[in-house]
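Student: Dropping the structure in here first, questions after.
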Amino acid sequence: MTQDDMALHNQQRMETLKARLTAALSPAQLNIIDDSQHHAGHASAKGGAHFTIEITSTAFQGKTLVQQHRLVYEAAGDLMDSEIHALSIRSKAG
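The sequence shown begins at 0 in numbering that gives the first Met the number 0 and counts up one residue at a time.
What follows is the structure, encoded as structure tokens:
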């Protein structure tokens, strides 16, 4: 797969992830950053993407950071099985 193909595939992954997070958490703010290029050659990635998620949601009110991150992972669902190798999550209630 060429770098252009990988970038397009990651864009599709990001759109799917964005749709799932939006449906599950109705975020006031959501930014997804593709960090995959920083992990080129990372053997265990096996083609899965590396993303940073910056998200603000009222769904996080009264929840610890661990609970907030669990909600994000639940929304990502099966994407974590093969499409996404790693997530860095910056979440806050709001």
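Every residue gets a Cβ at the ideal spot worked out from N, C-alpha and C, and that includes glycine.
Answer yes or no: do A23 and G93 have a C-beta to C-beta separation smaller than 8 Å?
Tutor: For the purposes of this step, residue 23 is taken as the residue at position 24 of the sequence shown. For the purposes of this step, residue 93 is taken as the residue at position 94 of the sequence shown. Taking 8 Å as the Cβ cut-off, A23 and G93 do not qualify as a contacting pair.
Student: In three-state terms, what does DSSP make of D80?
Tutor: The residue labelled residue 80 in the question sits at position 81 within the sequence shown. In this structure, D80 counts as helix in the three-state DSSP scheme.
Student: Could you round the C-beta distance between D34 and F50 to whole angstroms and report it? I think they count as a contact, below 8 Å.
Tutor: The residue labelled residue 34 in the question sits at position 35 within the sequence shown. The residue labelled residue 50 in the question sits at position 51 within the sequence shown. Sure, about 6 Å apart at Cβ, within 8 Å.
Student: Do R12 and I88 have their C-beta atoms closer together than 8 Å?
Tutor: As a working mapping, residue 12 is identified with position 13 in the sequence shown. As a working mapping, residue 88 is identified with position 89 in the sequence shown. Cβ distance not < 8 Å, so R12 and I88 don't count as in contact.
Student: Assuming T15 contacts L78 under a Cβ cut-off of 8 Å, what Cβ separation, rounded to an integer in Å, is found between them?
Tutor: Indexing the sequence shown from 1 puts residue 15 at position 16. Indexing the sequence shown from 1 puts residue 78 at position 79. Yes, T15 and L78 are in contact; Cβ-Cβ is about 7 Å, under 8 Å.
Student: Check for me: the alpha helix (DSSP H) holding Q60 runs from which residue to which?
Tutor: As a first step, residue 60 is located in the sequence shown; it is residue number 61 there, counting from the start. Per DSSP, Q60 belongs to no alpha helix (DSSP H) and is neither H nor E.
Student: Can you list, in chain order, the residues of its chain with a C-beta nearer than 6 Å to that of S56? Leave out the 5 residues immediately preceding and following it.
Tutor: By one-based count along the sequence shown, residue 56 stands at place 57. Excluding sequence neighbours, S56 sits near L24, P26.
Student: Considering only their Cβ atoms, is the gap separating S90 from Q67 smaller than 8 Å?
Tutor: Counted from its first residue, the sequence shown places residue 67 at position 68. Counted from its first residue, the sequence shown places residue 90 at position 91. Contact flag set, yes.
Student: Quick one: give me the first and last residue of the beta strand (DSSP E) that Q28 is part of.
Tutor: The residue given as residue 28 occupies position 29 in the sequence shown. Run containing Q28: 28-33, per the beta strand (DSSP E) assignment.
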